[in-house]
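By this note's numbering, the letter at position 61 of the sequence shown is numbered 97, and the numbering carries on one by one without gaps.
Where is the CB? At the ideal position from N, CA and C, for every residue including glycine.
First the structure, in the form of structure tokens, and then the observations on it.
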Amino acid sequence: MKRQIKFALCSLTVAVFMTGCSNMTDDPRKGGLFSYSPDKYEKRLQEREDRLAAIEEEQAWETKKNSDLRRTKAEKETQVANLRKKVKNEQAKLDSQLRAAKKANGGANSERVEELMRENQQLKKEIAQIEASKKSNEAKRQELERLNRELEDLKAEADALSSL
37 MKRQIKFALC SLTVAVFMTG CSNMTDDPRK GGLFSYSPDK YEKRLQERED RLAAIEEEQA
97 WETKKNSDLR RTKAEKETQV ANLRKKVKNE QAKLDSQLRA AKKANGGANS ERVEELMREN
157 QQLKKEIAQI EASKKSNEAK RQELERLNRE LEDLKAEADA LSSL
């Protein structure tokens, strides 16, 4: 009878261990000593490492994108600064040409020269408004280019008046 009781206890113990092994987990804090599975733990660890690698890759891509955007911004700011300088230089040349045309022609074309001087002053005001505005650098660049074309037209007309 003692043998039968020992056999029954052994069978019961084996059955308990077998059912405990079927619910193995990858988290040693949850599974306890007997239901912990090293294979599942390694799989869980690998998944986390893969997720970390994907996040690091995305972060590197975002950093590169940020760097590219900063470089582009710096290039645009340089373009705008160059256009500002060009417009100022052209405006100074136009001012001197208009003064020279006014002196050279005396009263003959003075009315047209005065009109060109007023247009030049209006362009100066528009440029000052652009500089003071909250527009983006790209919008400022486009507006400065438009005004530069107008300035070139005025300059050409002033040249024509000067040559009379």
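The DSSP-derived three-state label of Ser-146 is helix. Across the set Glu-186, Glu-78, Leu-105 and Thr-114, the C-alpha of Thr-114 shows the shortest separation from the C-alpha of Arg-177. With a cutoff of 8 angstroms on beta-carbon distance, Leu-187 and Val-116 are scored as not near each other. The Cβ neighbour count for Ala-137, taken over all protein chains shown within 10 Å, is at least 16; the residue is labelled buried. When C-beta atoms of the stretch 159 to 168 are compared with those of the stretch 92 to 107, fewer than three pairs fall below 8 angstroms, so the two segments do not count as touching. DSSP, reduced to helix, strand and coil, places Ser-172 outside both helices and strands of the structure shown, so it counts as coil. For the pair Asn-118 and Ala-192, the Cα-to-Cα distance works out to about 22 angstroms. Taking the Cα of Arg-120 as reference, the smallest distance to any Cα among Leu-152, Asn-184, Ser-146 and Leu-130 is reached at Asn-184.
If you draw a straight line from the Cα of Glu-155 to the Cα of Ala-196, it comes to about 16 angstroms.
Note that the C-beta distance between Ala-194 and Leu-105 is not below 8 angstroms. Its chain contains Lys-176, Glu-179, Leu-180 and Leu-183 as the residues whose beta carbon lies nearer than 8 angstroms to that of Ile-166, once the 5 sequence neighbours on both sides are disregarded; these appear in chain order. Collapsing the DSSP output to three states places Ser-132 in a helix. In chain order, Lys-191, Ala-194, Asp-195 and Ser-198 place their CB closer than 8 angstroms to the CB of Gln-133, counting only its own chain and leaving out the 5 sequence neighbours on each side. Assignment of Ser-103 by DSSP, reduced to helix, strand and coil, places it in the helix class.
A Cβ-Cβ separation of about 6 angstroms places Lys-112 in contact with Glu-174 under the 8 angstroms criterion. Counting every other CB atom within 10 Å of its CB across the protein chains shown gives Gln-127 a total of 16 or more, marking it as buried. Exposure of Leu-81 is indicated by the presence of fewer than 16 other C-beta atoms within 10 angstroms of its C-beta.
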